[in-house]
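Input: a single structure, listed below in structure tokens.
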Amino acid sequence: MIRVNSLSKNFNNLLAVDQVSFEVQQGEILGFLGPNGAGKTTTMKMLTCFIPPSSGTAEICGFSILNDPLQVRTQIGYLPESAPSYDEMLVGEFLRFVAEVRGYSGIEMKRRVGMVIEKTSLREVENQMIDTLSKGYRQRTCLAQALIHDPPVLILDEPTDGLDPNQKHEVRSLIKDMSEERTILISTHILEEVDAVCTRAMIIANGHVVGYGTSDELLSQSLYRNSITLCLRNADPRKLLDEFNQLDFVYSVENVPDSREGMVTMRLFPKNKETISCQLEQYLCTKNITFEHFSVDRGRLDEVFRELTTVS
Ligand SMILES: Nc1ncnc2c1ncn2[C@@H]1O[C@H](COP(=O)(O)OP(=O)(O)O)[C@@H](O)[C@H]1O
Ligand SMILES: [Mg+2]
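Note that our numbering has the sequence shown beginning at 382, numbered continuously upward.
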């Protein structure tokens, strides 16, 4: 549905996007992650034909952004980073206007506006001025605008930016619902979003793709992958450190500061990030060591993100 081939963009001397290539299949939600200034918005603007690439190309549903920009625009619903404000318009009026620009009129126009209002739950603010909407409703109005022509591909630039946790949750559910029949590229710098909505993520820094995979694949790069946190009551930390360090499936052990009275917390890092919970439980059982809490870490996305996006 989206095929990007060595796309680059220069702004004078700045290489904002440097030979980025990726594909998004039907039904996928690809999270486009990166720090501010990484090149996410610039890439999205090229895919939606708002700015031309300096080199490389991309196809949306088989249409080239270089040769068929008009066709590309019919295939895409786009939520820009700073949503255009039609502050003085009513929500319904704005959506009818967008539908008209898309070439719909009469009953078909009304049907489409009705459909997106339902889909994005805007009925109660239909006759309210955009200027007076809460940020959550404003964002939904922008999403509604992107859906008017029922496009197979959605490109959403930081759709949850600036929303409170409840609004974020709502917009994410909406995006998930829409993914059943669509292909979605969504940029974000919020890491939890990847786990919450995306089927796959791509990490970009300084215009380069530096990471790609499912969130589990990315998490497997974390130092904390499969590490075990163990809380024990009235234990001797030094003795435990010695004991755990001798286990052949353990790479290293650390004593994690714990402010709770009489509680000791240990973190064990497995050799080769392997799964060691069974072996460890067996060992604790044999040694009669009782614990209050035992948990396995999937890995930490913030650490992987930092590792991949900061130049060492
Ligand atoms: N129109 C422009 N002219 C000059 N530089 C730009 C322009 N648009 C973006 N940039 C620069 O390109 C880089 C990438 O920006 P952007 O794509 O907006 O990043 P992101 O969306 O990942 O935060 C930044 O350094 C930004 O300052
Ligand atoms: Mg941006």
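In this text, a Cβ means the ideal position worked out from N, Cα and C, and glycines have one as well.
Quick one: Cα of VAL590 to Cα of VAL405, how far? Taking the straight line joining both Cα atoms gives about 15 Å.
Nearer than 6 Å: is that true of the beta carbon of THR422 relative to any heavy atom of ligand 1? yes
Best match in PRO533, GLN452, CYS579 for proximity to GLU598 [C-alpha to C-alpha]: Looking only at PRO533, GLN452, CYS579, the smallest Cα-Cα distance to GLU598 is reached by CYS579.
Starting from the C-beta of GLN509, find all residues in its chain whose C-beta is less than 7 Å away, skip the five residues before and the five after it, and write them out in chain order. The beta carbon of GLN509 lies closer than 7 Å to those of LEU471, VAL472 in the same chain, with the five residues before and after it left out.
Residue ranges of each beta strand (DSSP E) within the stretch 423 to 504, 3 or longer: 436 to 441, 457 to 460
State the Cα-Cα distance for the pair GLN407 and LEU566, rounded to the nearest angstrom. About 11 Å.
Just curious, the beta strand (DSSP E) that ARG648 is in, first and last residue? 644 to 651
Note down, in chain order, each residue of its chain lying with its Cβ closer than 6 Å to the Cβ of ASP678, except the 5 sequence neighbours on either side. TYR605, SER608
Specify whether the stretch 516 to 523 and the stretch 538 to 550 touch according to this definition: at least 3 beta carbon pairs, one from each stretch, less than 8 Å apart. yes
In the DSSP assignment, what residue or residues form a beta bridge with THR610? ARG648, SER676
Quick one: what's GLU635 bridged to in DSSP? ARG648
Should LYS652 be labelled buried (16 or more other beta-carbon atoms within 10 Å of its own) or exposed? Burial call: exposed.
Ligand 2 and GLU462: does any heavy atom of the ligand fall closer than 6 Å to the residue's C-beta? yes
Excluding five sequence neighbours on each side, which residues of the same chain lie with their C-beta closer than 6 Å to the C-beta of HIS530? If we look at HIS530 and ignore the five residues flanking it on each side, its Cβ neighbours are ARG483.
Quick check: what's the CA-CA separation for ARG563 versus LEU535? 7 Å
May I ask whether a heavy atom of ligand 1 can be found less than 6 Å away from the beta carbon of PHE444? no
Where does ASP545 fall in DSSP's three states? coil
Using 7 Å as the threshold, is the C-beta distance between LEU689 and VAL645 below it? Contact annotation: LEU689 and VAL645 have beta-carbon atoms that are not nearer than 7 Å.
On the DSSP letters alone, give me the boundaries of the beta strand (DSSP E) that GLY594 sits inside. 589 to 594
By DSSP's criteria, ALA586 is part of a beta bridge. Which residues make up the other side? HIS589
Residues in the same chain with beta-carbon distance under 7 Å from THR423, minus the five sequence neighbours each way, listed in chain order, please. LYS390, ALA397, VAL398
For PHE630, the three-state DSSP class (helix, strand or coil): coil
Return helix, strand or coil for ASP399, following the three-state DSSP convention. strand
Do the CB positions of CYS523 and LEU460 come within less than 7 Å of each other? yes
In angstroms with no decimal places, state the Cα-to-Cα distance between THR455 and HIS674. 54 Å
Per DSSP, the bridge partner or partners of VAL534: ILE457, THR564
Does the stretch 650 to 669 come close enough to the stretch 630 to 639 that 3 or more CB-CB pairs lie under 8 Å? Segments in contact, yes.
Distance CB(TYR485)-CB(PHE475) smaller than 7 Å: Going by C-beta atoms, TYR485 is not nearer than 7 Å to PHE475.
Please report whether the beta-carbon of GLU440 lies at a distance below 7 Å from any beta-carbon of chain B. Judged by its chain identifiers, the structure shown contains no chain B, having just a single protein chain.
Can you tell me the Cα-Cα spacing of THR667 and PHE686, whole angstroms? 39 Å
Option nearest LEU428 by Cα separation, candidates PRO638, VAL453, THR569: Closest option to LEU428, judged by alpha-carbon separation, among PRO638, VAL453, THR569: VAL453.
In chain order, what residues of the same chain have a beta carbon less than 6 Å from the beta carbon of LYS426, not counting five sequence neighbours either side? ILE432
Please state whether DSSP places THR513 in a helix, a strand or coil. helix
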